[in-house]
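So the protein sequences, as listed, match chains A and B. Taking full-length UniProt numbering as reference, the numbering of the first sequence is continuous, increasing by one, and the terminal residue is 329. Taking full-length UniProt numbering as reference, the numbering of the second sequence is continuous, increasing by one, and the terminal residue is 329. These notes are about the structure you will find just below.
There are 2 protein chains.
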Amino acid sequence: MKIKWGILSTARIARTQFIPAIDRAENAEVVAIASRNNKVHNIARELNIPRAYESYEALLNDPDIDAVYIPLPNHLHKEWAISAIQKGKHVLSEKPATLTAEEATEIKEALISSPVKYMEGFMYQFHPQHERVKEIIASGEIGTVKQFNSSFSFHLGDRENSIKMQKEYGGGSLYDVGCYPIHAARMILGSEPIELQAFSLNDQDSGVDLTTSTFMKFAGNVIAKTESSIDMANRDEYEIIGTKGIVKVPHAFRPDKVGGVGTVIVEKDNEIRKEKFSGDIYRLEVEHFSSAILNDGTVSYTIDDTINNMKVMDACWDSIKTGRSVNIK
Amino acid sequence: MKIKWGILSTARIARTQFIPAIDRAENAEVVAIASRNNKVHNIARELNIPRAYESYEALLNDPDIDAVYIPLPNHLHKEWAISAIQKGKHVLSEKPATLTAEEATEIKEALISSPVKYMEGFMYQFHPQHERVKEIIASGEIGTVKQFNSSFSFHLGDRENSIKMQKEYGGGSLYDVGCYPIHAARMILGSEPIELQAFSLNDQDSGVDLTTSTFMKFAGNVIAKTESSIDMANRDEYEIIGTKGIVKVPHAFRPDKVGGVGTVIVEKDNEIRKEKFSGDIYRLEVEHFSSAILNDGTVSYTIDDTINNMKVMDACWDSIKTGRSVNIK
């Protein structure tokens, strides 16, 4: 049996990544796409999607649809996630789930009285390279873990026409890519940060953050540093530094850009070992979520995880504003 | 003609690195070594050094000595540099030159009324890989420079017997290795930081910083981040991130540990180019300083540069203490 998906908007990521991934998935199919623009009919035809709706409401009212994918601009994620939940549709939302932890808590409240599943779409976490990293750490090969570093950056060319430069739409680097290194720090260290300092360089005209860096303390004096930028060359990497060695993952978030092949590098003294792992991250994400629906299973990344990730991002904004260290509760 | 060197102390770095480098240098020779311990005679014999003194004063009184190398514990650098200058000896001091910018200014004052040359020994800067990095940046290949990142770390095993764990001796990671990434940020960006935030994790018993991170703003919204640690696996690297590409130098500070071969890696999109350069850093340092004496030339790293580097380190301690951003004047 296949989960029937509806897509809320014709965003580029839906057209180029998510819809093709549903086509590749074994337990999913796309049945409808919605847009507020009547070009949706052409797009549906091009992508072989049977139904096209000229409003998100119309799609949510289609009784044949099991699950929706939300790739809308960031500031609309909460509203349409809650609408979909209320219509009994399972929801896979693009990151960031919301703009604040408080908004994510509103989604949690909507879920309490609903049987549907909800997941924030950090597709990268489904790549097998991360399980291997956790295994290497657990084996003790790199000694005691002392620090996690991660950067996700790209250089935004066409700024004038980008919603990433619109502050009111949840623009800027932290919302766009900064949520990934924060997610990865929490996932790899397996705990939540206690204290955080963050710094941004803002675009003068739009006020969005072009580059944001964080310095986080975890229990046991473990440090995590993250960085996001929409103003620098491509990086999507993390590394874990132990007392005896280092594990590096150079294609942590977008292994799809290098053919799905992730590389895990272990450096000890001057010896370097590379291990390669293949994974189709968007397809794995679709299959994971569809399977959780089909088998009434738990999603691997829950709304509580989302709330915790948003709490860290809230703390970033707080620290950036005050110029001080912020405790995270 | 060869510069006649005297060595102030039998420190490990003198025995294993600096004295052999003088032996390899074309314009230098070691004529004396001093220690407050009478084992100095055995050490002199082992290292084929003609004269051995049981006090630093005695060595400084030897009229045949042109220049001295100071590898004493950090808190003694200033005192013995000034004594040597007053005795008319040229001074190459191990880093950090002093413990504060104010102390470095005392050395500058001693130099005003003296014809001798003084240099803080950041040996790594003499490796040709750094000139190549500057060329690549100047060529525009990586676009506009946005950020400089650098880490220098190692895991200190025998803490009980290490002066690196003695606070009053200038112990801890920032004095020991943190001065290098700060130096490298200033050297590569070719300017001085304006503002800085720093964070440390301190050892509970000794109070020394095990790990110190900095976040620095340079003119034009260029960022530099540095890190030092005596509590993590080996790293001695820097990278420069531009709008179009990245330059990485994985053996920035200790290429001698990998046979003197430095690697400059340029990453653009998914293309990676590696260039290799050989350099004998300690020998190049000895030859540079000896040549400046022989030809009455200028040393490439002046006391003013040293004062500027120490100002950044002063700002680190200040920010660590207050938990706030610090302006650097």
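Virtual Cβ for every residue (Gly too), placed ideally from N, Cα, C. Just so you know, these numbers come straight off a predicted model, no measurement behind them.
The contact set of R273 of chain B on chain A, defined by CB atoms closer than 9 Å, is empty, because the minimum CB distance reaches about 14 Å.
For A219 of chain B, the number of other beta carbons within 10 angstroms of its own is below 16, and it is reported as exposed. Under a 10 Å Cβ-count criterion, I136 of chain A is classified as buried, with 16 or more other Cβ atoms of the shown protein chains found around its own Cβ.
Here DSSP, grouped into helix, strand and coil, assigns V133 of chain B to helix.
Neighbours of Q197 of chain B in chain A, taken as residues whose beta carbon is under 8 Å from its own, are Q197 and F199 in chain order. Rounded to the nearest whole angstrom, the CA to CA distance from E239 of chain A to V264 of chain A is 10 Å. At least one C-beta of chain A is nearer than 7 Å to the C-beta of T243 of chain B. By the C-beta criterion, the stretch 141-152 of chain B is judged to be in contact with the stretch 182-193 of chain B, since at least 3 inter-stretch pairs fall below 8 Å. A97 of chain A is positioned such that its CB atom lies no closer than 7 Å to that of K311 of chain A.
Per DSSP, reduced to three states, the secondary structure at T105 of chain A is helical. For F199 of chain A, the uninterrupted beta strand (DSSP E) segment begins and ends at E195 to N202. Burial state of N61 of chain B is exposed, judged by a 10 Å Cβ sphere holding fewer than 16 other Cβ atoms. If the five residues before and after I307 of chain A are omitted, its C-beta is found closer than 7 Å to the C-beta atoms of A101, A104, T105 and K108, all from its own chain and listed in chain order.
When beta bridges are read from the DSSP output, G262 of chain A appears opposite A:F277. Contact between E195 of chain A and N327 of chain A holds: their C-beta atoms lie close to 5 Å from each other, under 8 Å. K146 of chain B belongs to the set of residues whose beta carbon lies under 7 Å from a beta carbon in chain A.
K78 of chain A is classed as buried because its beta carbon has at least 16 other beta carbons within 10 Å across all chains shown. Using a CB distance cut-off of 7 Å, I281 of chain A does not count as an interface residue toward chain B. Boundaries of the beta strand (DSSP E) around R235 of chain B: D231 to G242. Under the three-state reduction of DSSP, E192 of chain A is assigned to coil, being neither helix nor strand. When secondary structure is reduced to three states using DSSP, R283 of chain A falls in the helix class. In this model, M232 of chain B and M1 of chain A are separated by some 50 Å (Cα to Cα).
Against chain B, a Cβ distance below 8 Å from M232 of chain A picks out K146, Q147, I241, G242 and T243. Comparing alpha carbon positions, the residue from B:Y118, B:I65, B:L47 and B:N48 closest to H288 of chain B is B:Y118. Identification of chain A residues near N270 of chain B by a Cβ-Cβ cut-off of 8 Å yields K257 and V258, ordered along the chain.
Here N38 of chain B is exposed, its C-beta having fewer than 16 other C-beta atoms within 10 Å. Approximately 6 Å separates the beta-carbon atoms of I230 of chain B and L210 of chain B; this is inside 8 Å, confirming the contact.
Spatial neighbours of K95 of chain A in its own chain (CB-CB distance under 7 Å, excluding positions within 5 residues in sequence) are listed in chain order as E120, G121, F122 and C179. Only buried fits E267 of chain A, as 16 or more other CB atoms lie within 10 angstroms of its CB. Here DSSP, grouped into helix, strand and coil, assigns V116 of chain B to coil.
Of the residues A:G88, A:S153 and A:W5, the one whose Cα lies closest to the Cα of P181 of chain A is A:S153. When DSSP states are grouped into helix, strand and coil, F122 of chain B belongs to the coil group. Taking a contact to require three or more Cβ pairs closer than 8 Å, the stretch 274-285 of chain B and the stretch 18-28 of chain B qualify as touching. Secondary structure within the stretch 12-77 of chain A: the alpha helix (DSSP H) runs of 4 or more consecutive residues, fully enclosed, are 19-24, 40-46 and 56-60 (chain order).
Flagged as an interface residue toward chain B: N221 of chain A, by a C-beta distance shorter than 7 Å. In terms of Cα proximity to T302 of chain A, the closest of A:Q197, A:L92, A:R15 and A:Y53 is A:L92.
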